[in-house]
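Asks: No gaps in the numbering here: position 560 of the sequence shown is 560 in this note's numbering, and each next residue is one more. Have a look at the structure that comes next, please.
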Amino acid sequence: MKGTLFIILLLCLAVQAGMAQTLSVHGVVRDSKGTGIPGATIMEKGTSNGISSDNEGHFKLNVKPGATLLISAMGFTAKEIPVNGQTTFTIALSDKNEELNEVVVVGYGVQKKESVVGAIATLNSKELLKSSSPNISQAIAGKLPGVFTAQGSGAPGSDDASIYIRGQASFAGTNQPLVLVDGVERKFAQIAPDDIESMSVLKDASATAVYGVRGANGVILITTKRGMEQKPVVSLTLSTQIQSPTRKDKYLNSYESVKLLNEALTNDGLTAQYNDADLEMYRKSVDGQLTSTEAQLYPNVDWYSEVLNKTAPAQRYNVNIQGGTKRLRYFTSLEYYDQDGLYKDLTNSSSYTQSSNAAFKRYGFRANLDFSLTSTTNLGVNFGTRFEERNGPNVTENSTTKYNEIFYELNHTPGWLFPVQYDNGYYGGNSQHQNNIVAKLARGGFYRDNNTINETNFTLNQKLDFITKGLSFKGMASFDYETYYDRRFGAGFATYELIDRTNPDVTDSYTRYNEDEELTYSGNTQTATMKLYMEYGLNYTRDIGKHKVTGLVLYNQNDYRYQADLARRYQGVVGRITYAYDNRFMGEFNAGYNGSENFRKYHRFGFFPSASVGWMISNESFLKDQGKWLDHLKIRASYGEVGNDKYTVNGTDIRFLYVESWSWYNNVYYTGDGNYHTGIYEGQYPNKNVTWERAKKYNLGFESGFYKDLFSLDVDLFTEHRQNILTSYLSVPEYYGVSIAAGNLGKTENKGFEIALRHHNKIGKLDYTAGVNFTHAKNKILAMDEPAGKPAYRRNTGYSIGQFYGLVSEGFITQSDIDSKKLPTSTFTSEVKPGDLKYKDMNGDGYIDENDVTQIGYNTVPENTFSASVGLNYKGWSFSMMFQGVGKVSRYYDEEALFAFVDGGKVREEHLQRWDPSKSEDYNLAHARYPLLHYDDKGNHNQRLSTFFLKSGRFVRLKNIELGYSLPRALTQRWYMSDCRFYVNANNLFTWDDLNGLVDPESSISNAYPIMKSVNVGVNVKF
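Okay, structure coming up:
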């Protein structure tokens, strides 16, 4: 009995001792706004002991008294808290996106936002994913002040947008910024949006000077996601999308067209082509009242409906895993994207099974790994791979101009001349319109493109505190390899014109154009691109009392090889020093000493310095008492110089202007023996002193926040002077006898301002934000070697880059104008009539010709860009919407969209509002919106670039809108999920502009694959 009592006593003591070795802790995990975070993970560090917070963020866990709690949640920065015997905790986690705003990615490093004195705009992953577009270049539209995007085409896999930072400042290149992904220059548009952590846009010279000869047009830094010390979090996104053109065609049916055709022929003094009986048959054809045989003779073909579907589907799937331990952190991602085009599959009758529709598929994989080799040594390894497949019909497309043969034919081929196919199977056509686009899609062949991109980064970070505190080393090596393989399969096809309309069933009644051919392999294009990049640098960061000093010295080199071309190489040294005192005064000096192989030896390197200062006024003692309403107030100013080594002509980079050019020329001279001989001639006189453009940039910035993040206002004023711009020697006469390589003769000026206003508030459980961005950037050419005798009204100097030049329209010609005998003589036609356009005789010589062309309108890049956004969160619901717009921009579209019957083509709805000769002159002056109709080349006088046809490209569009709902925590826990969110979003849903449905205002041509609007439905699940 005593023994039993003794054992029980020992067991009680053991249990009491065990209880004394554990501690019950409880508390709540909240975000920065005080809202509980459901599903947060609370772990006892170094063990598997852990729990998730409930729907209100509360938790309870037994741990050792000396334990450390590791708290993490998706989208928040993890935190470690020692227990130290404490039992109750209120834990606030910082939103990861908010922290990214606090830590800004800059050139070759990061800085705290409060110490940044350069003009830098940032965008986080959450904002990026609000767009339904899987193309990153489109997804950033309207989201960043100072950044304008222009999308020229909506074709699957070829819908990248051009990007302009603070407008244009050079007429020698594309003005596109340098884009770096994880520190390496790379294509970025097709990166999976889920892979991107943040984006920084560097706008002024203090931010871009470290890129020296590459930084003049601005720099975009894209950082992909990395792992963190937390349990694995699996995120799965599935979405499906429906796309459709933002504009519909407005071409007239056959009955309306032939009536206008008769009128145009009569206006030209020609015989009308169709009599009243014909017109009646065309009316019946439009109404569907003709037999099949009759419809062949009086067709009413809607080429758009014959070739295009109304919508096109797309789908995207992405799964990624993020997590890690103290020794290894990882982020891996796998993506599949599939997008179809608008073209119908018309190949059913063909001998091959490849669809005539366009299609794009993207397979993406990414693995970013971080190894803590020692307490002071970290190794980062990045792998990124994409496989891109593009398929489509064998038609002509231009990646630079965005011209598309299919849409040219849809816009040009009349619908009243011939049917798509006759009843005997012949494809319709005539001598002027032999390229029946339905036949081309059905029988003309196809292409298959494959693009494989492999990108790698190896980064080593080593702390060197043993030398001096705050010193570290970073080295990075990157090797990228890209292969492109394009295969083409083509076949000729015949089209037929019915000549004997009384016998459509007889073969001899047709004239045949071209021949039907078997599909053959017509060739391929194979390219390979390799890029090797290396950088090695020392960083220094030290806080000494109220003083904070940082320094950077870095060497880098880039070797880019395309096929057998000579390698493009860049090499340089980067330096940066920053100083801050008492979080009030800040100064920074940046410099890049680098060069390019594009210039002659001993002229390749240049020095590009910048300096900037900042004053955090809100940290001054005289304003600290204003903390109730003033969060922060900072003024910053910068000046610096950066360069540009690119010279682009018609989309092609021109290199090595300092090298002599000689060319062979057949039959260059004739000798007495009666034979022609091959000779050699100097193709281009070199420019031995060619050098880079140099941009001198000034920036004055103002940042402020009020009432604890209730309002914020940022304003930037900027001025840029660009010099040494490469341009042709325009003042050299033609009798010089040889072309001369471009010289550094150009100068421009670019000025403007940016405003960003934000409002954020929380009312109960309603959390909302609103914001407005506005940017104005206006450039002017100061010099470009124009001939001294060139008249002022024709000069480029003093006007903007890309300025339109055309005739000045002064309305319509009237009979009184003709009778006055004072009307200038048009060299574009033999006779003008009432209703034709009246042009201004700029040089007063009595003639209207090319010498009367002058500056009109604006250019193609808008001077004003703006956006307005709103976001709401209420319980599990979220809503966001953004409007985007531009102003002071001009558009001039293809002839097929503007002119009636051009080159024997079609007519549109707006041509119904022509000058009608059957109406009085007073009526026409009051109501006509289009000049007198002419047919084909008879309309040369009216069909010219002029103020009458130059369009305003301003618009406002609902760029993005999204509605989402997250399931309650109680439901997701049952299914082992930490979060489940459903959403529906849309892009380009509505547009308001001045074009009356002509073309999407963002597009620069009309004969292009249309820009698309899209509606996307998806779900995101986290485990």
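Idealized CB from N, CA, C, for every residue including glycine.
1) Quick check on the burial criterion: 16 or more other C-beta atoms within 10 angstroms. Buried or exposed for K370?
2) Leaving out the 5 sequence neighbours to the left and right, which residues in its chain are closer than 8 Å to D841 when beta-carbon positions are compared?
3) Below 8 Å on the Cβ atoms is my guess for N779 versus E749; work out the distance and round it to an integer in Å.
4) Pair every Cβ in the stretch 155 to 169 with every Cβ in the stretch 530 to 544, then say whether three or more of these pairs are closer than 8 Å.
5) Count Cβ pairs between the stretch 208 to 226 and the stretch 632 to 649 that sit closer than 8 Å; are there 3 or more?
6) Comparing alpha-carbon positions, which option in P834, T495 and E863 lies nearest S918?
7) Counting C-beta neighbours from all protein chains within 10 Å, is the total for W915 16 or more, i.e. buried, or is it exposed?
8) Taking the beta carbon of F59 as the centre, do at least 16 other beta carbons fall within 10 Å, making it buried, or is it exposed?
9) Quick one: is I680 buried, meaning 16 or more other Cβ sit within 10 Å of its Cβ, or exposed?
10) Of the residues R795, T719 and T678, which one's Cα is nearest the Cα of L730?
11) Could you name the residues of the same chain whose beta carbon sits closer than 8 Å to that of T377, not counting the 5 residues immediately before and after it, in chain order?
12) Which residues in the same chain as K708 place their Cβ atom closer than 7 Å to its Cβ, once the five residues preceding and following it in sequence are excluded?
13) Count the other C-beta atoms from every protein chain shown that fall within 10 angstroms of the C-beta of H433, then say buried if there are 16 or more, exposed otherwise.
14) Would you mind reading off the limits of the alpha helix (DSSP H) that contains V438?
15) Going along the chain, which residues of its own chain have a beta-carbon closer than 6 Å to the beta-carbon of G85, five neighbours each way excluded?
16) Under the three-state reduction of DSSP, which class applies to I140: helix, strand or coil?
17) What does the Cβ neighbour count give for H547, buried or exposed, with the cut at 16 atoms within 10 Å?
18) So which of G705, N598 and S739 has the shortest CA-CA distance to M616?
19) Helix or strand or just coil, what does DSSP make of M281?
20) Nearest to Y647 by CA position, among P145, D817, L713 and G746, is which residue?
21) Contact between the stretch 512 to 524 and the stretch 462 to 476: three or more CB pairs below 8 Å?
22) Under a three-way DSSP split, which group does L1041 fall into?
23) Which full runs of the beta strand (DSSP E) of 3+ residues lie inside the stretch 725 to 783, going along the chain?
24) Using a threshold of 9 Å, state whether the C-beta atoms of D182 and A92 are closer than that.
25) Which stretch, first to last residue, makes up the alpha helix (DSSP H) that contains S509?
26) Of all the options M476, W416 and D922, which has the alpha carbon lying nearest to the alpha carbon of G380?
27) Quick check: the stretch 352 to 362 against the stretch 328 to 341, are at least 3 beta-carbon pairs closer than 8 Å?
28) Helix, strand or coil: which one does DSSP assign to F622?
29) H412 by DSSP, collapsed to three states: which one?
30) Evaluate T413 with the Cβ neighbour count: other Cβ atoms within 10 Å of its Cβ, from every protein chain shown; 16 or more gives buried, anything less gives exposed.
31) For L498, which option in Q190, D543, N424 and Y930 has the closest C-alpha, if you only look at C-alpha atoms?
32) Going along the chain, which residues of its own chain have a beta-carbon closer than 6 Å to the beta-carbon of Y793, five neighbours each way excluded?
33) Tell me whether N987 sits in a helix, a strand or coil according to DSSP, three-state version.
34) Considering just the uninterrupted stretch of the alpha helix (DSSP H) at Q973, what are its terminal residues?
35) Which ranges does the beta strand (DSSP E) cover as unbroken runs of at least 3 residues, wholly within the stretch 845 to 923, from first to last along the chain?
36) Please classify F949 as buried or exposed, where buried requires at least 16 other C-beta atoms within 10 Å of its C-beta.
Replies: Result, derived from the coordinates:
1) For clarity, residue 370 is Asp in the given sequence; the question names Lys instead. It counts as buried.
2) P824, Y847, I848 and D852
3) 7 Å
4) no
5) yes
6) P834
7) buried
8) buried
9) exposed
10) R795
11) L460, N461, Q462 and K463
12) D631
13) buried
14) I437 to R443
15) P65
16) coil
17) exposed
18) G705
19) helix
20) G746
21) no
22) No statement about residue 1041 is possible, as the shown extent of the chain runs from 1 to 1023 and does not include it.
23) 743 to 763 and 766 to 783
24) no
25) No alpha helix (DSSP H) contains S509, which DSSP labels as neither H nor E.
26) M476
27) yes
28) helix
29) helix
30) buried
31) N424
32) M842 and T854
33) strand
34) R969 to R974
35) 854 to 856, 864 to 874 and 877 to 887
36) buried
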